[in-house]
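Asks:
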C-alpha cells in the first residue's frame, strides 16, 4: 500500500503530465510536430521548459504518450463495440470513427467533438511524420500493432470458429475500412449513408459468416 | 498552329516547371511542407528563388501542382485498371497502390518505387496539412472529388445497371478500401495476401453483382 504522501505525489505527477499533453495536442494540431517547439508547449501549458523536461525527455516522448493515449481510447471503443458489427457498419457509413462525427453532424457535445478533431489531425500528422522520422515511425507501427492485436483478440472471442490466419485477414480488412473512412472524413462527396451501411452490413455478415440481430442500431 | 519559337518556349516552360516540381517533391518529402521553404526548393532545383516565382506564385501553388499530377497519375491507373476488379482485389491484398508495392517487395524498378514512396509520403503530408491550412484543404478536397468522379464515371460505363446513388456508395466503399490500404502501408502486421484477396474478391463480386473471369491475374 502506498503512503498518502506518495499517492498525492503520483496524482500531482499525473496531473502535470495531463496538463503538458493537453497543451502539446493543441500546439501540434496548430503547427504540426515540426512547427511546435518545446518552448511553445511550455508556454501553452503555463509551465517552464525546464519543468516540461522533468516529465518528458524530449518531443518524441510527448508524441509517444499522445499516440499511446489515442490507442487506449480506440481500444476502449473496440472492446465496447466490436461485438456489434451492425453498429460498426452504421458508424462507418455515417463516418463516425470513435467519437468523431461527420463534421456536418451535431450529435456529440462540442468538447468531445473538439478532442476528436484533434485526434484525427494528430493521427494524420503521426502517419506523415512516420514516413521521415524513424522514432515516430516506430511509435506509429507499435501502436498500430497493439491496436490490431487487441481488436483481433477481442473478435476472436466472439468468433472462435476462424483460424488465426483467417482472423488476421478479417481484422486487416476491418482496419482498412475503419482507417480509410477516417482518412476520407473531410472529402466532399457523400454517399447516402443508408445505402453505404447496407453494403458494409452485407460485407461484415459475409466476413464473419453471421447474421446480425436486425434491431435498429442506437 | 503555333510558331516554332512558341513551341520551344512552351517546352522550356514545361521543363522548368517539371524541374521545380521534382525538387519540391524531394524537399517536402524530407522536411514536410512547413520545413521546406522556397529557398531550399530553389537550391535543390538549381534555380534562383526569383526564377521559381516566375513559374509558381507561392508554395501553395507548387503543392497544388504536385497534387494535380498525383491525381492525374491515379486517374490513369484507374482508367487502365478499373474494369478489372479482380486485379484491384489482388493489388489491394498485396498492398500495391498505384505503382506502390509493399515496401518488402522488389518487383518494380527502383526509380518507380522511389517516386511511389514520395507520392505516399506527400499524400499523408497533404492530408495532415489540410486539417490546418484552408488552402491545402481546398486543394485536397478538390482533388479527391475529381478522382472520385472520374472513378465513378469510369465504373458506370462498365456497370450501367446501377443508379447514381448506388454507384456513389459503391465507389465510396472502393475508395475507402484503397485509401485505407495505402494508409496502412507501413503497418507491421501482415495478413496472408491470398486470404485477404479472397475476401476482397468476394466483396467486389457482391458489390457489382458480377462474376469475374477466374483467370489468374498478372
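Protein chains in written order, with this note's numbering: chain A, 1 to 218; chain B, 219 to 436. Cβ coordinates follow ideal geometry from the N, Cα and C atoms, glycine included.
Closer than 9 Å, Cβ to Cβ, to anything on chain B: give me those residues from the region 29–54 of chain A, in chain order.
Replies: If the cut-off is 9 Å between Cβ atoms, the region 29–54 of chain A has 29, 30, 31, 32, 33, 34 and 35 near chain B.
Asks: Opposite residue 306 (chain B) in the DSSP bridges: which residues?
Replies: Looking at the DSSP output, residue 306 (chain B) bridges to nothing.
Asks: Can you give me the Cβ contacts of residue 422 (chain B) inside the same chain, cut-off strictly under 6 Å, excluding the 5 residues immediately before and after it?
Replies: 303 and 307
Asks: Suppose contacts are defined by Cβ-Cβ distances below 7 Å. Is residue 151 (chain A) in contact with residue 78 (chain A) by that definition?
Replies: Yes, they are a contact pair.
Asks: In whole angstroms, what is the alpha-carbon distance linking residue 291 (chain B) and residue 337 (chain B)?
Replies: Just so you know, the alpha carbons of residue 291 (chain B) and residue 337 (chain B) end up roughly 10 Å apart.
Asks: So residue 77 (chain A) contacts chain B; which residues on that side make the cut at Cβ distance below 9 Å?
Replies: Here the premise fails: no neighbours, minimum Cβ distance about 17 Å.
Asks: Can you list, in chain order, the residues of its chain with a C-beta nearer than 6 Å to that of residue 414 (chain B)? Leave out the 5 residues immediately preceding and following it.
Replies: Once the five neighbours on either side are set aside, the close Cβ partners of residue 414 (chain B) are 311.
Asks: Tell me, please, whether the CB atom of residue 180 (chain A) is closer than 7 Å to any CB atom in chain B?
Replies: Judged by the 7 Å Cβ criterion, residue 180 (chain A) is in contact with chain B.
Asks: Applying the criterion that 16 or more other CB atoms from any shown protein chain within 10 Å of the CB defines a buried residue, is residue 32 (chain A) buried or exposed?
Replies: buried
Asks: Alpha carbon to alpha carbon, how far is residue 103 (chain A) from residue 224 (chain B)?
Replies: Any reading at residue 103 (chain A) needs caution, since the residue's pLDDT is 45, under 50, leaving its predicted position unreliable; the model's value is listed next. Those two C-alpha atoms are separated by around 48 Å.
Asks: Measure the Cβ-Cβ separation of residue 267 (chain B) and residue 344 (chain B) and say whether it is below 7 Å.
Replies: no
Asks: In whole angstroms, what separates the C-alpha of residue 123 (chain A) from that of residue 227 (chain B)?
Replies: 45 Å
Asks: At what residues does the alpha helix (DSSP H) containing residue 173 (chain A) begin and finish?
Replies: Segment 164–183, the alpha helix (DSSP H) holding residue 173 (chain A).
Asks: Evaluate residue 309 (chain B) with the Cβ neighbour count: other Cβ atoms within 10 Å of its Cβ, from every protein chain shown; 16 or more gives buried, anything less gives exposed.
Replies: buried
Asks: Please confirm whether residue 329 (chain B) has its beta-carbon closer than 7 Å to some beta-carbon of chain A.
Replies: no
Asks: Would you say residue 395 (chain B) reaches chain A, if we count a Cβ-Cβ gap shorter than 7 Å as a contact?
Replies: Yes - at least one Cβ of chain A is within 7 Å of the one on residue 395 (chain B).
Asks: Which ranges does the alpha helix (DSSP H) cover as unbroken runs of at least 4 residues, wholly within the region 5–60 of chain A, from first to last along the chain?
Replies: For the alpha helix (DSSP H) assignment, the uninterrupted runs of no fewer than 4 residues enclosed by the region 5–60 of chain A are, from N- to C-terminal side, 38–44 and 49–55.
Asks: Residue 96 (chain A) touches chain B at which residues, Cβ-Cβ below 9 Å?
Replies: Proximity of chain B to residue 96 (chain A) at the Cβ level (cut-off 9 Å) is not reached, the minimal Cβ distance being about 14 Å.
Asks: Quick check: residue 346 (chain B) and residue 247 (chain B), are their CB atoms within less than 7 Å of each other?
Replies: no
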